[in-house]
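Visitor: Here the sequence shown stands for residues 2 to 544, numbered as in the numbering used here.
All C-beta atoms, glycine included, are put in the ideal place defined by N, C-alpha and C.
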Amino acid sequence: MRDGEGLEGRGQTESFSRRQTLRTTLSVAVGMVLPTAHDLNAGRTRAAAPDPLSFEVVKAKARALAAHPYQAQPDDLPPPLAGLSYDGYRAITFRPEASLPLGRRFSAQLFHRGFLQRKRVALYRQPRNGPAQQIPYAPDLFDLGPDLKGQSFPSDLGFAGFRLHHAFQVDRPADQEEFLVFLGASYFRLRGFGQEYGLSARGAALRTGGPGAEEFPDFTAFWICEPEPDARTIEIWALLDSPSLAGAYRFRVAPGDPSVMHVEASLYPRTALEHLGLAPLTSMFLHGANGPGARSAAPFDDFRPQVHDSDGLAVVTRGERLWRPLVNGRAQPQISAFGVDPLEGFGLLQRARDFPAYLDVQARHEARPGLWITPEAGFGAGAVRLFEIPSREEYMDNIVAAFVPGAPLPAGTERAVSYTLTTVGAEPATVVPGTLGRVVSTRVGSAERLRPTTPPSPDRRLYVIDFAGPGLPADRGADLAADASASAGTMVDPVVEFVPQTGGWRLYVEWRPPTPLPAGDVILRARLVRDGRAVTETWDAVA
């Protein structure tokens with residue numbers, strides 16, 4: 002199962018998702034100073050390069066990669082590892098006593114290759130002074146589990162990825178918890194103190210949603226920089242490669258409550274990229290308070306009221322914050338685009354944060370973070386795109402959100418990107434801009450239940466939207482009104498009322514579809530206003 006695992010094992014065994022259907026190759030360019038099968042059999046502290054490394058050198062490596070045709074190494078995973086079952090791979094555990102210390106407050110643990118984690122990732126430790134050091138494979142780093150008992154593997158096997166641990170409590174530097182994991186393609190996960198792992202971030206998304214097959218770049222090498230002894234932040238450099246793109250990434254991470262990651266990347270396309278997703282986020286939404294949300298969607302036979310890692314997308318541009326509740330159950334994948342210029346931020350968030358909303362003791366969906374993207378130097382014109390893929394399986398990551406530039410990125414150019422990624426728990430959160438009231442739930446049902454007509458009209462839908470936030474009045478006599486619209490059909494008889502049980506406000510509004518129903522999406526929008534001024538974010542949904 003994807004859920005119900007502790008933090009210690011979640012990074013390695015968080016499996017079965019879109020990222021595990023990727024082609025299993027490791028890419029390096031000819032002549033690059035990267036570890037090969039021969040290099041990796043050196044001692045654990047053998048220098049990987051004669052001179053001290055810097056991020057500028059990593060950028061030069063990426064630039065040189067992009068100047069050559071993409072080359073993928075053959076799949077050389079030994080048969081016992083390639084043939085592992087899910088449970089067999091899950092049984093492989095890193096020995097905590099072998100953790101790589103990084104100052105007093107950080108340490109690293111490594112992931113074994115096997116099962117669907119087939120690709121070799123080069124790992125280096127970068128001391129504060131001196132050359133980078135390879136971290137070669139050694140069998141005594143792991144307990145290989147019952148399926149591999151008595152097996153041995155060559156010292157050039159390499160690793161699948163790594164995870165970082167940190168002492169969140171200042172007075173207990175030895176009490177370290179996992180907070181960051183890089184495993185599979187360019188995926189990584191970050192959590193804050195007291196949170197569980199949930200959604201993932203990625204280095205880049207290529208052609209997500211088409212046209213053409215989606216391409217998944219790989220982080221092929223990492224340099225983990227040794228921090229100062231009592232540092233509360235750590236830096237990681239990474240090299241990314243794929244048939245269409247090479248890139249260099251610098252991650253500066255400050256774990257805490259919240260955890261904050263500054264991402265700096267230089268991207269070098271081999272081919273013109275028309276659908277490059279920057280700062281992509283990947284999540285899971287099975288079912289929730291949003292309903293299935295789609296017309297004619299089959300209900301879920303599940304004792305849990307909600308199952309999701311995120312329940313909506315928030316997008317902030319100048320003068321407006323928009324909330325799109327996530328939906329599952331459509332017949333086909335759904336692509337939505339939200340034009341922004343400039344973009345102030347976006348994120349996939351988990352707004353339902355109490356146990357009764359989920360009733361899952363092991364998964365703890367209420368403790369899973371949202372992730373918020375804040376451009377540090379602006380992303381320029383473009384759109385935040387949301388991809389919702391129909392899914393009946395909890396283990397499938399079926400939600401993707403990313404910023405897609407309005408203009409293609411030509412081959413042979415460089416695109417610099419910098420942004421901050423912050424974990425979000427309960428809201429309001431300072432990282433999410435604005436003081437507007439937020440949408441806390443969306444419920445959809447037949448309008449015939451409360452407003453029957455003769456003859457009945459089954460296509461009429463009633464939307465019930467709850468708003469909350471410290472900026473909303475706590476007086477039931479406050480003069481709040483609804484501003485509601487539909488791109489087709491009619492929004493009928495909106496009613497706004499105070500909800501004393503929650504201290505929030507509720508909007509009831511009926512949507513009556515046109516006849517015939519137009520092709521394409523019908524966009525519904527609503528917000529609460531007072532004296533002509535918006536006091537809530539804009540609820541945005543597809544009917």
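Which whole runs of the beta strand (DSSP E) in the stretch 87-157 are 3 residues long or more, in chain order?
Guide: Complete beta strand (DSSP E) runs here, min 3: 101-103, 107-112, 123-127.
Visitor: Let's see if you can read the secondary structure: which residues bound the beta strand (DSSP E) around Ser-404?
Guide: Checking the displayed sequence, the identity of residue 404 turns out to be Phe instead of Ser. 400-406 is the extent of the beta strand (DSSP E) around Phe-404.
Visitor: So, helix, strand or coil for Phe-286, using DSSP?
Guide: Note: Phe-286 maps to strand in three-state DSSP.
Visitor: For Pro-230, which residues from the same chain have a beta carbon less than 8 Å from its beta carbon, with the 5 sequence-adjacent residues on both sides left out?
Guide: Hits under 8 Å: Gly-104, Arg-105.
Visitor: Considering only their Cβ atoms, is the gap separating Pro-370 from Gly-199 smaller than 8 Å?
Guide: Yes, they are a contact pair.
Visitor: Identify whether Arg-545 lies in helix, strand or coil by the three-state DSSP scheme.
Guide: The structure shown has nothing for residue 545, since the chain only spans 2 to 544.
Visitor: Would you decide whether Ala-548 is buried or exposed? Buried here means 16 or more other CB atoms lie within 10 Å of its CB.
Guide: Coverage of the chain is limited to positions 2 through 544, which leaves residue 548 absent and any answer about it impossible.
Visitor: With distances taken between CB atoms, is the gap from Phe-220 to Leu-124 smaller than 8 Å?
Guide: Going by C-beta atoms, Phe-220 is not nearer than 8 Å to Leu-124.
Visitor: Output the distance between the C-alpha atoms of Tyr-188 and Ser-267, rounded to the nearest integer angstrom.
Guide: Spanning the two alpha carbons is a distance of roughly 17 Å.
Visitor: So, with DSSP's three-state summary, where would you put Leu-360?
Guide: In this structure, Leu-360 counts as coil in the three-state DSSP scheme.
Visitor: Is it a yes or a no for the stretch 488-504 touching the stretch 391-400, going by three-plus beta-carbon pairs under 8 Å?
Guide: They do not touch, by the three-pair rule.
Visitor: Say whether the stretch 308-322 touches the stretch 343-354, bearing in mind that this needs 3 or more beta-carbon pairs closer than 8 Å, one atom from each stretch.
Guide: A contact exists between the stretch 308-322 and the stretch 343-354.
Visitor: Please state whether DSSP places Pro-81 in a helix, a strand or coil.
Guide: Here Pro-81 sits in helix by DSSP.
Visitor: Check whether the stretch 318-334 touches the stretch 436-445, taking contact to mean three or more Cβ pairs, one atom from each stretch, closer than 8 Å.
Guide: Enough Cβ pairs lie closer than 8 Å, so yes.
Visitor: Can you give me the Cβ contacts of Gly-472 inside the same chain, cut-off strictly under 6 Å, excluding the 5 residues immediately before and after it?
Guide: Same-chain partners within the cutoff: Thr-436, Gly-438.
Visitor: If Leu-287 sits next to Glu-395, beta carbons under 8 Å apart, how far is it from one beta carbon to the other, in whole angstroms?
Guide: Right, the Cβ-Cβ distance comes to about 5 Å (below 8 Å), so this counts as a contact.
Visitor: Following the continuous beta strand (DSSP E) through Ala-390, name the residue where it begins and the one where it ends.
Guide: According to the sequence provided, residue 390 is Ile. The question's Ala does not apply to it. Unbroken run through Ile-390: none, as it is neither H nor E.
Visitor: Find the nearest neighbour of Leu-274 within the set Ala-298, Ala-249, Pro-244, judged by alpha-carbon distance.
Guide: Here the closest residue by C-alpha is Pro-244.
Visitor: Using the C-alpha atoms, what's the distance from Asp-467 back to Thr-25?
Guide: Low per-residue confidence applies at Thr-25: pLDDT is 25, beneath 50, and the placement is therefore not dependable, though the value from the model is reported in the following sentence. If you take the alpha carbons of Thr-25 and Asp-467, they lie about 45 Å apart.
Visitor: Checking 8 Å against the spacing of the C-beta atoms, do Leu-353 and Gln-307 come in under that value?
Guide: Leu is not the amino acid found at residue 353; the sequence shown has Ala there. Yes, these two residues count as a Cβ contact at 8 Å.
Visitor: Under a three-way DSSP split, which group does Glu-229 fall into?
Guide: DSSP places Glu-229 in coil when its eight states are reduced to three.
Visitor: What is the rounded straight-line gap between the Cα of Gly-470 and the Cα of Leu-145?
Guide: Using only the alpha carbons, I get a separation of about 50 Å.
Visitor: Mind reading off the beta-carbon distance from Ala-384 to Val-341? Whole number of angstroms is fine, and I expect it under 8 Å.
Guide: With 8 Å as the limit, Ala-384 and Val-341 qualify as a contact, their Cβ atoms being about 6 Å apart.
Visitor: So, Leu-277 versus Leu-207, is the Cβ gap smaller than 8 Å?
Guide: Yes; because the gap between Cβ atoms is below 8 Å, this pair is in contact.
Visitor: Rounded to whole angstroms, how far is the Cβ of Gly-490 from the Cβ of Pro-515, which I believe are closer than 8 Å?
Guide: With a Cβ gap of about 5 Å, Gly-490 and Pro-515 count as contacting.
Visitor: My output table needs one value for Ala-255: the three-state DSSP class, helix, strand or coil.
Guide: Residue state, collapsed to three classes: strand.
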